[in-house]
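A quick write-up on the structure given underneath.
Chains as they are written, first to last, in our numbering: chain A, 54 to 341; chain B, 54 to 341.
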């Protein structure tokens, strides 16, 4: 990460989530549709495996004999087992994501969540900003992630957040994650209002994360206290929005992409205003 | 306009506001900064005028001897008078816009609003969605523009909307436009919450409109009735959000860019949801 991203501000978080150099990546295709981007080294490794992977116009593709989603998913799962055995991928998550041409499009195959960045496939998620209106303004529920998490241990998170698994509707996933992460009953979770989507494209050691997050606002009664049930969150605290904003602006204490969901909240609720020098770049930068 | 834009839907409005072919345009620069794009024919016409315009790297620039904003503004105003006399520009608006390198940057010159699209200079505006919460949901105030307007006569508009003139703060412009267009007292206008900004790039006969609109939400008491004071709006009606959405989706009855400010409102207030097939394209398309 370059040095200027360390200086305070909101925009640096958007820049960090969009740091990438695509020159080291090649397209990954299924049935003629580019669905991801793979690092050159990983591509060469996949080609040494042979089937189901074949070289395809400078990139890599699934073998064209694999003509339906179940057979593609099985063949790739078997290849992933070999990659785990060889130590290329550390371990699988046993949670499947749908690989598609775009949101709402037919599933071309299912892929273990752990492999998603290696293949640079677009992943979808949902994030809920849970808030309370108080006489002195909006207060936001802030989760502190457990220290034993693989991703962002001890960092701040939204009230509810989760990746979107294959075969589950967004609403069902919202209800499931709201219960697991914050102990929200279904009727309360379903009061969450969809308020837009943000996207970013981030290079990581494993590969590429072209992520799309569906955002929800959930206004909660003053007497509700969230309670984590799955061990992902160590503690929830209710912060005034000014403390949230100062923390995002001045620290690196938040999970990388939660900075973005909070900035979107700060814009939509008028905490960030057009006289902020980064305003237009923030509005634009949240959606690529 | 191509035919598919005539079929119902939300996305066609964003496509219409972003219809352009830049191959017929050349850069317009001031002091080495590209601040606009001019149609080739208009550029050639400007070059026949001579000073203050000079050819510059395939485009056109202000003469480098003009080193401050007042002298540039005077020189260009004088050139505009000659263009109006020659019938190239129909008439001036006598309202000045600031030409800058970007929002919040120093003014490089001031330019009559009528000339803005000819020079393809970024214009800024503000739009206020005025709404009332009722037991059956959100209702939006819809203005019907007067039939004698030069722009979008008889079409639907936001409660308050206006271009951003030079030398006025956004807040002062909000108060001014809120009074002129809707009879809103200043204290009520200043309750409007900034909720983001949208942008588009639209080719018109005159030239190019790279516009940025600052958006505000204003929740109004149920007993407030807006009243136009400047003749721009013929009538205000309070519509349930479902009627607003159906009208934007199915008709061409709204001012071209107001379709976009309403779509943004429908997204932020959860009327448009992620299961809409255009959802992600709409979220992305509102900010370029």
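Backbone N, C-alpha and C define an ideal beta-carbon position, used for all residues, glycine too.
- Exclusion of the five residues before and after residue 170 of chain B leaves 257, 259, 260, 261 and 262 as the residues of its chain whose Cβ lies within less than 7 Å of its Cβ.
- In this structure, the beta-carbon distance from residue 227 of chain A to residue 245 of chain A falls below 8 Å.
- Close partners of residue 247 of chain B in chain A (Cβ separation under 7 Å): 323, 326 and 327.
- The shortest CA-to-CA distance from residue 207 of chain B to any of B:337, B:195, B:92 and B:62 is the one to B:195.
- In this chain, the beta strand (DSSP E) harbouring residue 114 of chain B covers 112 to 115.
- When secondary structure is reduced to three states using DSSP, residue 236 of chain A falls in the coil class, being assigned neither helix nor strand.
- CA-CA distance, residue 220 of chain B to residue 252 of chain B, rounds to 22 Å.
- Within its own chain, the residues whose Cβ lies closer than 6 Å to the Cβ of residue 312 of chain A, once the five positions on either side in sequence are excluded, are 66 and 301, listed in chain order.
- Annotated as distal: residue 88 of chain A and residue 113 of chain A, with beta-carbon spacing of 8 Å or more.
- In the three-state reduction of the DSSP assignment, residue 154 of chain A falls in the coil class.
- Neighbours of residue 178 of chain B in chain A, taken as residues at a C-beta separation under 7 Å, are lacking, since the least C-beta distance is about 12 Å.
- With respect to chain B, the C-beta atom of residue 320 of chain A has a partner C-beta closer than 8 Å.
- With fewer than 16 other beta carbons inside 10 angstroms of its own, residue 203 of chain A counts as exposed.
- At least one CB atom of chain A sits nearer than 8 Å to the CB of residue 157 of chain B.
- For chain B, none of the residues of the segment 95 to 116 of chain A brings a beta carbon within less than 7 Å of one of its beta carbons.
- In this structure residue 310 of chain A is in contact with residue 266 of chain A, their Cβ atoms being roughly 7 Å apart against a cut-off of 8 Å.
- Contacts between residue 267 of chain A and chain B, judged by CB atoms closer than 8 Å, involve 327 in chain order.
- Exclusion of the five residues before and after residue 290 of chain B leaves 195 as the residues of its chain whose Cβ lies within less than 7 Å of its Cβ.
- Counting only unbroken stretches of 3 or more residues, the beta strand (DSSP E) elements lying wholly within the segment 181 to 240 of chain B are 190 to 198 and 213 to 216, in sequence order.
- Below 8 Å, enough C-beta pairs join the segment 121 to 137 of chain A and the segment 158 to 178 of chain A to call them touching: three or more.
- The Cβ-Cβ distance between residue 293 of chain B and residue 190 of chain B falls below 8 Å.
- DSSP places residue 87 of chain B inside the beta strand (DSSP E), whose first and last residues are 86 to 92.
- For residue 250 of chain A, the nearest CB of chain B lies under 8 Å from its own CB, placing it at the interface with that chain.
- Between residue 330 of chain B and chain A, the shortest Cβ-Cβ separation is below 8 Å.
- Close to residue 336 of chain A, with beta-carbon spacing below 7 Å, are these residues of chain B in chain order: 249, 250 and 340.
- Rounded to the nearest whole angstrom, the CA to CA distance from residue 74 of chain A to residue 93 of chain A is 12 Å.
- 223: these are the residues of the segment 208 to 240 of chain A whose beta carbon lies less than 7 Å from some beta carbon of chain B, given in chain order.
- The alpha-carbon of residue 181 of chain A is positioned some 40 Å away from that of residue 109 of chain A.
- Leaving aside the five residues that flank residue 146 of chain A on each side, the residues in its chain whose CB is nearer than 8 Å to its CB run, in chain order, 165, 166 and 167.
- For residue 328 of chain A, the closest C-alpha among the options B:250, B:307 and B:122 is that of B:250.
- Contact check for residue 273 of chain B and residue 183 of chain B: beta-carbon distance about 5 Å, within the 8 Å limit, so the pair qualifies.
- Residue 248 of chain A is positioned such that its CB atom lies closer than 8 Å to that of residue 321 of chain A.
- With contacts defined as CB atoms closer than 8 Å, residue 218 of chain B and residue 150 of chain B qualify as a contacting pair.
- Annotation: Cβ neighbours of residue 333 of chain A in chain B (cutoff 7 Å, chain order): 156, 250 and 265.
- Around the beta carbon of residue 264 of chain A, a 10 Å sphere encloses 16 or more other beta carbons of the protein chains shown; the residue is thus reported as buried.
- The three-state secondary structure of residue 145 of chain B, taken from DSSP, is coil.
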